[in-house]
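Here is the structure we will look at.
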Amino acid sequence: MLEELIFKYSNYFKKLNRGFNKKLGRAPHKPILLLSIIQLIAKGKIISNRIFITSEILLAFKQNWEQLVHTDHSRNFALPCFHMRSEPFWYLVAKPGKRIETTRSKSIKSFNNLNESIAFAEIDKELFLLLQQPENQLWFEQLLIESYFPDFKVNYLRPDSYYEEDKIENEILNEPSELYQNHIQQLKETLEENEFEEEIFVRGGLFKRTVPKIYDYTCCISGLKINSAHNIQMVDACHIYPFSISNDDTVTNGIALSPTLHRAFDRGLITINSDFLVRISPTIKEENSSFPLSAFDGKQILLPEKEEWFPSQEALKWHNKEVFML
C-alpha cells in the first residue's frame, strides 16, 4: 500500500501540468512551490494538509527560485498556488463570500487578489502523511530536482534557514524607523508591482511574529500569556502608527496586545502615553462588565527587554492625537 502511494504521487510530481513559453520553455513555478512545501513540512512549519499563505512559504519559494531557476520566467508565487488546482492532489478553498477573480487568460490577477480570496490550499491527506516521513521527504525532493532541475541533482542541499528571513527580521528589530521607511519606498520604486505586494506581505508576517516574541508572547496591557504545545499565538502584533500610513514595520512601531485590546487600541478606546501608562477614553460607558477597560487606566505597560525596542514616542504621540477618543 505504501509503495503504491509513493508510486502514485511520484508520477503526479513527475508529470506536472506546466505552462510553456517558446522563448523560456516550461514554467518552473510548480516544482519550486512543491519543493518549498516539502522543506517547510520537514521544518515543522506546515503541520497539516492545509497550505496557508504565510511569510515562510513565500520566503522559501523565493530562495528556492533564486537558487534553482536560471531562466527569465517571472517569479510570481500566486501563479503556481492558483494553477496547481489542475493537479489531482491540490484543492483551493476560498474565503467565505469570496470568489477568485481571474484575467482573460483565466490566470490569477495578482498576489493580493489571491491572498484576499483564498483561505488555504489543501493537498491530499495521504500525500501529507507521506511527506511527514523524513525518507519520503528526501525521495520527493530528489525527484523534483532530478525531474525539473537536473543540473543541481548532485549538489542540492535543503537549506537550514532562509537568508531573506534573517535579513528582514534584523531590519524589523534594529533599523531606525526613518531608514526602514526609506527602504520600503525604494522597494516600491524598484520592484514590480507583484513582487512589491509579496515583499510587503512577508514583512508584515515577520512583524506579526517578531513583536510578540520581544514581549515574551504577553499582552503588554493585561499581562495575558497562554502557552500551548501546538505553537498557537494568543497575542497580536499591533501597529501603533498604521503601516498603510507610516510604511513602518519596525518593532518600535508595535506593541503586543490581546485581540480584544488590539481592537480597542485601533478604535481609540485606549491609548498609551509618553510615560507608557494606559489611558482609557472618557467616551466609554461600562455597565456590569466583568472585564472593564477602566481597570487598566493608569497602568504601566510591560516593556521589552531592550530599551531600543520600546514603543516610539513619536508613534505614541500620533496615536494619542489622531486616534484616541476624548
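When we follow full-length UniProt numbering, the leftmost residue of the sequence shown carries the number 1, and every step to the right adds one.
Don't be surprised by glycine CBs; every beta carbon is placed ideally from N, CA and C.
In this text, all values refer to a predicted model and were calculated from it rather than measured experimentally.
Query                                                                                                                                                                            : Result
Grab me the residues of tyrosine 217's own chain with a C-beta within less than 7 Å of its C-beta, minus the 5 sequence neighbours each way, in chain order.                     : Lys225, Gln233 and Val235
So, are the CB atoms of threonine 250 and glutamate 307 less than 8 Å apart?                                                                                                     : no
With C-beta atoms as the reference, is isoleucine 270 less than 8 Å away from cysteine 220?                                                                                      : no
With H, G and I counted as helix, E and B as strand and the rest as coil, what does DSSP make of glutamate 135?                                                                  : helix
Since tyrosine 91 sits in a beta bridge, which residues does DSSP pair it with?                                                                                                  : Glu122
Do threonine 54 and glycine 25 have their beta-carbon atoms positioned less than 8 Å apart in this structure?                                                                    : no
By a C-beta neighbour count over all protein chains shown, 10 Å radius and 16 as the cutoff for buried, is isoleucine 108 buried or exposed?                                     : buried
Applying the criterion that 16 or more other CB atoms from any shown protein chain within 10 Å of the CB defines a buried residue, is proline 134 buried or exposed?             : exposed
Cα-Cα, which of Leu35, Leu277 and Leu303 is closest to leucine 144?                                                                                                              : Leu35
Extract the residue ranges of the alpha helix (DSSP H) inside the UniProt domain "HNH nuclease" (219-273), only unbroken runs of 4 or more that lie entirely within it.          : 243-246 and 259-266
Could you give the DSSP three-state label for leucine 277: helix, strand or coil?                                                                                                : strand
Checking 8 Å against the spacing of the C-beta atoms, do threonine 252 and alanine 315 come in under that value?                                                                 : yes
Enumerate in chain order the residues of its own chain whose CB-to-CB distance from asparagine 113 is below 6 Å, with the five nearest sequence positions on each side excluded. : Glu101
To the nearest whole angstrom, what separates the beta carbons of isoleucine 38 and phenylalanine 61, a pair I think is in contact under 8 Å?                                    : Not really, about 12 Å apart at Cβ, beyond 8 Å.
What are the partner residues of glycine 25, as DSSP defines its beta bridges?                                                                                                   : Asn21
Taking the alpha-carbon of aspartate 124 as reference, which of Gln132, His239 and Ile118 has the nearest alpha-carbon?                                                          : Gln132
For phenylalanine 111, which residues of its own chain have a beta-carbon under 8 Å away from its beta-carbon, when the five flanking residues on both sides are left out?       : Asn76, Phe77, Ala78, Asn194, Glu197, Glu198 and Phe201
Taking its Cβ as the centre, do 16 or more other Cβ atoms sit within 10 Å of proline 292, making it buried, or is it exposed?                                                    : exposed
With a threshold of 8 Å between beta carbons, is serine 222 in contact with chain B?                                                                                             : In the displayed structure, chain B is absent; only one protein chain is listed.
Rounded to whole angstroms, how far is the Cβ of leucine 127 from the Cβ of isoleucine 6, which I believe are closer than 8 Å?                                                   : The pair is not a contact, with the Cβ atoms about 10 Å apart (cut-off 8 Å).
Look up arginine 50 in the DSSP assignment and say whether it is helix, strand or coil.                                                                                          : strand
Roughly how far, in whole angstroms, is the beta-carbon of cysteine 238 from the beta-carbon of phenylalanine 265, given that I think they are within contact range, below 8 Å?  : 6 Å
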